[in-house]
Amino acid sequence: LAPMSQSNTHESSHASKSKDFRHSDSYSENETNHTNVPISSTGGTNNKTVPQISDQETEKRIIHRSPSIDASPPENNSSHNIVPIKTPTTVSEQNTEESIIADLPLPDLPPESPTEFPDPFKELPPINSHQTNSSLGGIGDSNAYTTINSKKRSLEDNETEIKVSRDTWNTKNMRSLEPPRSKKRIHLIAAVKAVKSIKPIRTTLRYDEAITYNKDIKEKEKYIEAYHKEVNQLLKMKTWDTDRYYDRKEIDPKRVINSMFIFNRKRDGTHKARFVARGDIQHPDTYDSGMQSNTVHHYALMTSLSLALDNNYYITQLDISSAYLYADIKEELYIRPPPHLGMNDKLIRLKKSLYGLKQSGANWYETIKSYLIKQCGMEEVRGWSCVFKNSQVTICLFVDDMILFSKDLNANKKIITTLKKQYDTKIINLGESDNEIQYDILGLEIKYQRSKYMKLGMEKSLTEKLPKLNVPLNPKGRKLSAPGQPGLYIDQQELELEEDDYKMKVHEMQKLIGLASYVGYKFRFDLLYYINTLAQHILFPSKQVLDMTYELIQFIWNTRDKQLIWHKSKPVKPTNKLVVISDASYGNQPYYKSQIGNIYLLNGKVIGGKSTKASLTCTSTTEAEIHAISESVPLLNNLSHLVQELNKKPITKGLLTDSKSTISIIISNNEEKFRNRFFGTKAMRLRDEVSGNHLHVCYIETKKNIADVMTKPLPIKTFKLLTNKWIH
4 LAPMSQSNTH ESSHASKSKD FRHSDSYSEN ETNHTNVPIS STGGTNNKTV
54 PQISDQETEK RIIHRSPSID ASPPENNSSH NIVPIKTPTT VSEQNTEESI
104 IADLPLPDLP PESPTEFPDP FKELPPINSH QTNSSLGGIG DSNAYTTINS
154 KKRSLEDNET EIKVSRDTWN TKNMRSLEPP RSKKRIHLIA AVKAVKSIKP
204 IRTTLRYDEA ITYNKDIKEK EKYIEAYHKE VNQLLKMKTW DTDRYYDRKE
254 IDPKRVINSM FIFNRKRDGT HKARFVARGD IQHPDTYDSG MQSNTVHHYA
304 LMTSLSLALD NNYYITQLDI SSAYLYADIK EELYIRPPPH LGMNDKLIRL
354 KKSLYGLKQS GANWYETIKS YLIKQCGMEE VRGWSCVFKN SQVTICLFVD
404 DMILFSKDLN ANKKIITTLK KQYDTKIINL GESDNEIQYD ILGLEIKYQR
454 SKYMKLGMEK SLTEKLPKLN VPLNPKGRKL SAPGQPGLYI DQQELELEED
504 DYKMKVHEMQ KLIGLASYVG YKFRFDLLYY INTLAQHILF PSKQVLDMTY
554 ELIQFIWNTR DKQLIWHKSK PVKPTNKLVV ISDASYGNQP YYKSQIGNIY
604 LLNGKVIGGK STKASLTCTS TTEAEIHAIS ESVPLLNNLS HLVQELNKKP
654 ITKGLLTDSK STISIIISNN EEKFRNRFFG TKAMRLRDEV SGNHLHVCYI
704 ETKKNIADVM TKPLPIKTFK LLTNKWIH
């Protein structure tokens, strides 16, 4: 048989993982000496000498420990279907493994009859010599010319894949090819390599758009009111020197910065005006490039929210008005006032850190950090900027937004009183109610019922923003059941587009993927694989790539009411449990790169996820799995430090993977298993990290590995099964 395509059968890839234990690089059939090394509950090894056994007996034991794909999996007495590589030597080790798996939002698998033997080839499509060796985002055989026609495969339970037709952009936006115009040729691999970042979407209006030419009279009046409020605030804060105006000829041009007013409508419906400097054209000599403008990391916020739920904390949300203007500026800088201020040909010298300057964020961070430490008795958590704590209160700082967490509401009120002595502090939500409280925290719409649950979503925001993307939503009244089609890959044929069309389509991709990325990294971790793959193709806007992007936006629209659901851990446990679930899809990306994915959970609550293309080209499934795990460990350790700083309970750290061969390498002491230096150094470092950080390494069934959604496009039934416990 010719080799089967990895993308065409999700089941065959799962089966191959179970075979890796026998046939991977870590278990060579030519080895004559075998050491039986059990998994320690702390990721260590058992160095006791084991009697030598024959090769035949060894093969029997290995086969017994790694079931064949032709046989049904052995029944497990655990309610959570733990499948250990070897039975723990002590009861305490077994209990530790069970506690790692317990309370995780893993899918409930239907019971299998022990007398029925599933056919592993039942749902495999016919082998096609032109079939691609990848899933979404992959490339085909090196010498095969492939197209995108009819690359769908049937799904489980006769579910029909919905392919939404998106031909409107072609007829609407393509220019006539007559007379002939110069065209741009775009190569897939070059376009993927050129992608470095996603440009943010402009969400603000200029002065002429908001006021001068605004035909909406009511909106115009609100923007005028916001404009005068901003000017008065600037004068009140003594943002510039009002005693003297300077002539342009007197000042070094590199110290002169343009300024402008920008306008926008906030999420709560209020209209906002902001006077900003054009820091994007600021001369490098006018600021210290070594200064950092820090904001709270999203993982720190999610960790704090999760701990708040488990410990019945009060959550208080604050806003500091015109925060940057409280920070002085050290450099000698001048600004050109906007023309409508009536100070043409004059310059004014800045005294405060105006919004937009390169150094303003860093100046404000140092100012508020000093005040919180000296006046409020807080200390910053090492390694986690903008996270402050004392014995009672935790504060997460994001520019001018503050989120306070405390067991005692009076402790939050005490901090607020101290802040008001120096800053114009507004209480957005005190959080004192015993009923469900709704927050809008950094774009997340949060519903919090103390001691019961927390729900995180973005329904209101998405309902408002998605229709403005000019993407046709709900065509023919149909709804997509998954964000992408399994077995579908991106055609590598070169594009030829006119320059204007190419720029227009790239801009559209940036806009769509930019919004999808914002949603995905906030709470829709189930979409990260599709977002990451399409983000790599922003500079390759073929019709197929655009269609797949439209389908992703359509799916987000259809599921805009979905929420990330957390429930309080009951009963209250004496320790915190931090777990990462890891997975990898071998060779399914361009240039045969592998896709890796990790999901992080704190006390059974999903707090973050990551899906990315492996930086190195892996040469086996085991190597890809090791790469995925090694990428997850540093963040796992950093989160462990954060949890211990914010909550003094002991912490248990778990690492779950569905690769038995990877686990055997991690716990082994045999260095001869490594075939080369690159593979060996990464595996050895992983061994050191596991043993040195007391990580509990556990095996999880492939069918229950929720990180699978981070590495490949799945059939609808599988996608729903792996996500419906934590996203619904």
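Using this note's numbering, the first residue of the sequence shown is number 4, and each one after it goes up by one.
We put the beta carbon where it would ideally sit given N, CA and C, even for glycine.
Since the model is a prediction, treat every value here as computed from it, not as a measurement.
C-beta atoms of residue i and residue j nearer than 8 angstroms
| i | j | result |
| --- | --- | --- |
| S585 | S667 | no |
| A1 | T714 | Since the first and last residues shown for the chain are 4 and 731, residue 1 lies out of range. |
| K596 | S633 | no |
| H286 | A229 | no |
| L328 | T428 | no |
| A280 | G364 | no |
| S520 | I541 | no |
| H731 | I568 | yes |
| E692 | D661 | no |
| H644 | G282 | no |
| T289 | E334 | yes |
| R563 | T466 | yes |
Separation of residue j from residue i, as counted between CA atoms
| i | j | result |
| --- | --- | --- |
| L109 | H699 | 18 angstroms |
| Y226 | F266 | 7 angstroms |
| D503 | M381 | 54 angstroms |
| L400 | T298 | 6 angstroms |
| M457 | L107 | 16 angstroms |
| G607 | S102 | 11 angstroms |
| K565 | D313 | 22 angstroms |
| D348 | I323 | 34 angstroms |
| K571 | E439 | 14 angstroms |
| P340 | M346 | 6 angstroms |
| I85 | I284 | With a pLDDT of only 44 at I85, under the threshold of 50, the placement of this residue in the model should not be trusted; the figure read from the coordinates follows. Their backbone Cα atoms lie some 58 angstroms apart in a straight line. |
| P718 | P486 | 10 angstroms |
| D490 | Q547 | A small fix is needed here, since residue 490 is Gly in this sequence, not Asp. Taking the straight line from one Cα to the other gives about 14 angstroms. |
| T536 | K416 | 46 angstroms |
| A631 | V609 | 18 angstroms |
| R453 | N366 | 36 angstroms |
| P77 | K506 | For P77, the predicted model reports a pLDDT of 42, less than 50, meaning its position is unreliable and no value from the coordinates is stated. |
8 angstroms contact criterion, which residue i and residue j should meet: CB distance rounded
| i | j | result |
| --- | --- | --- |
| S614 | Y532 | 5 angstroms |
| G695 | V582 | Contact flag wrong, Cβ pair sits at about 18 angstroms. |
| L357 | Y337 | The Cβ separation is near 11 angstroms, so there is no contact. |
| L350 | V234 | No, L350 and V234 are not in contact; Cβ-Cβ is about 18 angstroms, not under 8 angstroms. |
| I449 | Q441 | 7 angstroms |
| L469 | F526 | Contact flag wrong, Cβ pair sits at about 16 angstroms. |
| L642 | Y603 | 7 angstroms |
| S325 | M461 | Not confirmed; about 27 angstroms, so no contact. |
| Q362 | M294 | 6 angstroms |
| I670 | A627 | About 19 angstroms; that fails the 8 angstroms criterion. |
| I2 | L472 | Outside the modelled stretch of the chain, which goes from 4 to 731, sits residue 2, for which no answer is possible. |
| T552 | I516 | 7 angstroms |
| I398 | L412 | Contact doesn't hold; Cβ gap of about 15 angstroms is too wide. |
| N432 | T319 | 7 angstroms |
Exposure label - residue i; buried when at least 16 CB within 10 Å
| i | result |
| --- | --- |
| G611 | buried |
| P733 | Lying before the first or after the last residue shown, residue 733 is absent from the chain, which here runs from 4 to 731. |
| T174 | In this predicted model, T174 has a pLDDT of only 40, less than 50, meaning its place in the structure is not dependable; the value taken from the coordinates is given anyway. By the neighbour-count rule (16 or more Cβ atoms within 10 Å), T174 is not buried but exposed. |
| Y316 | buried |
| Y210 | buried |
| I444 | buried |
| V712 | buried |
| Q513 | buried |
| I629 | buried |
| I368 | Note on residue identity: the sequence assigns Tyr, not Ile, to residue 368. Buried, because 16 or more other Cβ atoms sit within 10 Å of the Cβ of Y368. |
| L605 | buried |
| N477 | exposed |
| V575 | exposed |
| F124 | In this prediction, F124 has a pLDDT of 46, which is less than 50 and means its spatial position is unreliable; nothing more can be read from the coordinates. |
| Y216 | exposed |
Residues bridged to residue i [DSSP beta-bridge criterion]
| i | result |
| --- | --- |
| C701 | L659 |
| W569 | M457 |
| E383 | F391 |
| V279 | M263 |
| T428 | I323 |
| H301 | According to DSSP, which records beta bridges pairwise, H301 is partnered with nothing at all. |
| R352 | Y337 |
| L208 | F266 |
| F528 | Note: F528 sits in no beta bridge, so no partner. |
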